[in-house]
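Numbering (my numbering), first residue to last: 250 to 629. Glycine included, C-beta positions come from ideal geometry on N, C-alpha and C.
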């Protein structure tokens, strides 16, 4: 009887408790102590980009331009018989005002603004409308059609300039925001991703030098030109400039000039009144599969030097025709487009490293970029 009571009061509950403890340790191994069991990592992006917009939005401006177009008063002027008569009579002309709109980005607290060349080209008056409602007349500092960039200046206090990101470090798939003034409706934000980097557009009408567009699917429409492409933290990645769709409306493929190139162009325009491109002093051609086979090259990546200018940076660095340049400053140049984009960010006096192959052996040398002289001859 005593034994039955002992089993009932003590042994059975202890056994039940022991079994439950074992089950708990199996179910929750972290209760055993020691190193915590790693959990599956989860990532969740922001549900709102309001902070990025609040940071970048005040630095994006609307640009309104006016251009005076001559117009004859008399409707018969288009008739060839009357045109000579009107010319001899010195019939006065009247002006018709044409208004254009676009966007721009305040890039310094003292009032410098970056926009596209085609936004302000031939404008007689440029009016800037700030996000806070203020207006100002802008002065044209200078522009460059090849890069499709222009620099404006306004004289206002309390300006908010944009923070600059790192477009060279941006990755395909990164979230971006396009901020501008589409169709003149006022500041508008669209969202997308970086669809591609290093795009080269033939006959795009957006300049001949730039070979390194950022491609995005963020909606960019007429009026967005010159506006900001920013990252998810509100930092400037590029200046929106081009729409691939020939209708002029966003079709999910738009392009922006990388901020590092845009700032180099701006600094040149402010300092010299024009863009001063870096010059190595070479002529080169892209490598096709046939050339790669003929010269026993491992790949088609790089460009082959076909000529070198005397006393040029490349000549002084020891490069020769037939050398294949594969990297500039450690970055692969591909078919040469990436190399051109890298050179676009350099200024005379900058020192770069050039990696090239000669007779199947890789070499790296340093060269100091210079300005192309007015007269230059190639080596033999």
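Please list, in chain order, all residues of the same chain as residue 607 whose beta carbon is under 6 Å from its beta carbon, the five residues on each side excluded.
The answer, listed in chain order, is 572.
What residue range is occupied by the uninterrupted beta strand (DSSP E) comprising residue 361?
Start and end: 361 to 364.
Does the structure place the region 413 to 423 close enough to the region 371 to 380 that three or more beta carbon pairs sit under 8 Å?
Verdict: no, contact absent.
Helix, strand or coil for residue 404 per DSSP?
Note: residue 404 maps to coil in three-state DSSP.
Pairs of beta-carbons, one from the region 509 to 526 and one from the region 588 to 602, closer than 8 Å: are there three or more?
With the cut-off at 8 Å, the region 509 to 526 and the region 588 to 602 touch.
Which residue or residues does DSSP assign as beta-bridge partners of residue 389?
BP columns for residue 389 point to 401.
Out of 564, 547 and 614, which has the shortest C-alpha to C-alpha gap to residue 578?
Residue 614 is the option with its Cα nearest to residue 578.
Give the DSSP-derived three-state secondary structure of residue 432 in the structure shown.
Helix at residue 432.
Nearest CA to the CA of residue 480: which residue from 531, 491 and 417?
Selected option, being the one with the closest Cα: 417.
For residue 479, write down the residues that DSSP places opposite it in a beta bridge.
Answer is 426 and 485.
State the CB to CB distance for the pair residue 413 and residue 402, rounded to an integer number of angstroms; the pair is presumed to be in contact (CB under 8 Å).
With 8 Å as the limit, residue 413 and residue 402 do not qualify as a contact, their Cβ atoms being about 19 Å apart.
Mind listing, in chain order, the continuous alpha helix (DSSP H) runs of no fewer than 4 residues lying wholly within the region 544 to 577?
Taking only runs of at least 4 residues, the alpha helix (DSSP H) segments lying wholly in the region 544 to 577 are 562 to 565.
Quick one: what's got a C-beta closer than 6 Å to residue 353's C-beta in the same chain, skipping five residues either side?
If we look at residue 353 and ignore the five residues flanking it on each side, its Cβ neighbours are 310, 312, 362, 364 and 475.
Tell me where the alpha helix (DSSP H) around residue 396 begins and ends.
Note, residue 396: premise wrong, no alpha helix (DSSP H); not H, not E.
Taking DSSP's pairing of strands, which residues face residue 605 in a bridge?
Answer is 574 and 612, bridged to residue 605.
With a CB to CB cut of under 6 Å and the five nearest residues on each side skipped, what residues in its chain are close to residue 385?
Hits under 6 Å: 377, 403 and 405.
Using C-beta distances below 6 Å, list every residue in its chain close to residue 503, excluding the 5 sequence neighbours before and after it, in chain order.
Answer for residue 503: 465, 469 and 492, listed in chain order.
For residue 303, count the other beta carbons within 10 Å of its own beta carbon; 16 or more makes it buried, fewer makes it exposed. Which is it?
By the 10 Å Cβ count, residue 303 comes out exposed.
Using DSSP's beta-bridge definition, name the partner residues of residue 354.
Looking at the DSSP assignment, residue 354 forms a beta bridge with 309 and 363.
What separation, rounded to the nearest whole angstrom, lies between the Cα atoms of residue 536 and residue 443?
Rounded to the nearest angstrom, the two C-alpha atoms are 28 Å apart.
Taking the alpha carbon of residue 435 as the point to measure from, which residue in 483, 396 and 381 has its own alpha carbon closest?
Of the listed residues, the one whose Cα sits closest to residue 435 is 381.
Can you grab the Cα-Cα spacing for the pair residue 512 / residue 505, in whole Å?
When rounded, the distance between both Cα atoms is 13 Å.
Cβ atoms of residue 532 and residue 556: under 8 Å apart, would you say?
A contact, by the Cβ cut-off of 8 Å.
Locate the alpha helix (DSSP H) running through residue 377, then write down its first and last residues.
That residue, residue 377, is in no alpha helix (DSSP H); its beta strand (DSSP E) goes 374 to 378.
On the three-state DSSP scale, how would you describe residue 446?
Residue state, collapsed to three classes: strand.
Going straight from the alpha carbon of residue 519 to that of residue 552, what length do you get?
Their backbone Cα atoms lie some 33 Å apart in a straight line.
Roughly how many angstroms lie between the CA atoms of residue 355 and residue 411, to the nearest whole one?
Distance between the alpha carbons of residue 355 and residue 411 is about 6 Å.
Flag this pair as yes or no: are the beta carbons of residue 564 and residue 522 separated by less than 8 Å?
Not a contact, by the Cβ cut-off of 8 Å.
Name the one or two DSSP bridge partners that residue 503 has.
Partner(s): 465 and 492.
Grab the span of the alpha helix (DSSP H) containing residue 419 for me, first residue to last.
Taken as a continuous stretch (DSSP letters only), residue 419 belongs to no alpha helix (DSSP H), as it is neither H nor E.
By the DSSP assignment, the beta strand (DSSP E) with residue 531 in it spans what residues?
531 to 535 is the span of the beta strand (DSSP E), which, as asked, contains residue 531.
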